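*Asks:* Residue 179 is where the sequence shown starts when you use this note's numbering, and the numbers rise one by one after that. Idealized CB from N, CA, C, for every residue including glycine. On a predicted model such as this, the values are computed, not experimentally measured, just so you know. Structure provided below as structure tokens; questions to follow.
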Amino acid sequence: MQYLKSKSISERTGKMLKSTKIIMASLLVTTLVGCKTHREHLVGYEISHPSQRHPIMVAKKPIYLDLEVPRGSTGLTVSQADNVRGFISQYRKEGSGKLIISAPSGSPNEVAAFKALKKVRGLIKDDGIAYNAVEMTPYYQEDDPQPPLKLSYVRYVAEGPDCGQWHDNLAEDDRNANYANFGCAQQQNIAAMVDNPRDLIEPRGTDPRSSERRDTAWKKYVSGETTITKRDAKEESGKVSDAAGGGE
């Protein structure tokens with residue numbers, strides 16, 4: 179009887195071990211399937227941030243101002259001088275590189291162009307632009323008897339992405355991922371509204387610090403004076419108001 183009882187226990191133990199192995203095998207298969215599914219999602223990784231999916235393209239573009247200088251003229255007209263001032267102001271704001279002045283050479287209006295050039299250089303100097311920021315180049319144009327005096331500089335321009343990609347059916351997307359057109363309009367608006375597209379490439383320089391108060395405190399410290407701001411007795415008393423006590 180003891181032998182039969184031991185045999186029965188062994189059979190039950192064997193069945194339990196067998197069942198345990200089957201369950202472990204099933205769990206392993208399920209885990210592998212889950213890993214496979216997760217791996218498929220990783221393989222299908224997509225850029226989701228709008229700035230990467232719909233980048234803003236920043237490029238350099240030349241800006242020109244042509245000034246007509248007829249033969250016999252003695253400089254710039256009032257309107258031309260205003261245009262030059264506005265052009266210089268724009269160059270200071272958004273220009274990259276040097277301000278280029280191209281003057282005609284060997285043409286019938288060469289003398290007039292030289293006189294206009296002197297006026298332009300005077301306006302540039304009055305605006306405070308450094309001498310080494312300006313470059314002057316001569317040019318020859320045979321097919322034009324009165325070629326213009328040319329001003330030019332290079333500035334950055336921003337071009338937004340092309341939007342309207344609605345080929346995805348959001349109702350059939352079980353990944354809950356961003357759709358193709360997501361963030362495109364926002365990137366277009368940024369490209370259209372940015373004050374200076376150069377800001378999208380690099381930060382602007384900082385102005386010098388305001389050091390008036392710092393210099394004053396340092397002079398007092400060097401001379402042995404106190405650097406504490408003087409206050410009158412009323413400020414030092416800590417009394418807020420006489421309203422609560424009804425006054426004196």
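Please report the distance separating the alpha-carbon of residue 401 from that of residue 387.
*Replies:* Using only the alpha carbons, I get a separation of about 24 Å.
*Asks:* Looking at the structure shown, is residue 386 part of a helix, part of a strand, or coil, going by DSSP?
*Replies:* Looking at residue 386 - three-state DSSP - the assignment turns out to be coil, as it is neither helix nor strand.
*Asks:* In angstroms with no decimal places, state the Cα-to-Cα distance between residue 303 and residue 231.
*Replies:* Between residue 303 and residue 231, the C-alpha separation is close to 45 Å.
*Asks:* Give the secondary structure of residue 409 by DSSP, where H, G and I count as helix, E and B as strand, and everything else as coil.
*Replies:* Residue 409: coil per DSSP, three-state reduction.
*Asks:* Less than 8 Å between the CB atoms is what I'm expecting for residue 247 and residue 327, so what's the real figure, rounded?
*Replies:* With 8 Å as the limit, residue 247 and residue 327 qualify as a contact, their Cβ atoms being about 5 Å apart.
*Asks:* Considering residue 272, what are the terminal residues of the alpha helix (DSSP H) in which it resides?
*Replies:* Residues 256–272.
*Asks:* Would the stretch 267–283 count as touching the stretch 309–319 if we require 3 or more Cβ pairs under 8 Å?
*Replies:* Touching, per the Cβ criterion.
*Asks:* Can you find the residues in the same chain that come closer than 6 Å, C-beta to C-beta, to residue 293, ignoring five residues on each side of it along the sequence?
*Replies:* The answer, listed in chain order, is 252, 253.
*Asks:* Report yes if the C-beta distance between residue 241 and residue 369 is below 8 Å; otherwise report no.
*Replies:* Against a cut-off of 8 Å, the Cβ pair of residue 369 and residue 241 comes out as no contact.
*Asks:* Just the Cα atoms here: how many angstroms apart are residue 349 and residue 359?
*Replies:* Going from the Cα of residue 349 to the Cα of residue 359 covers about 15 Å.
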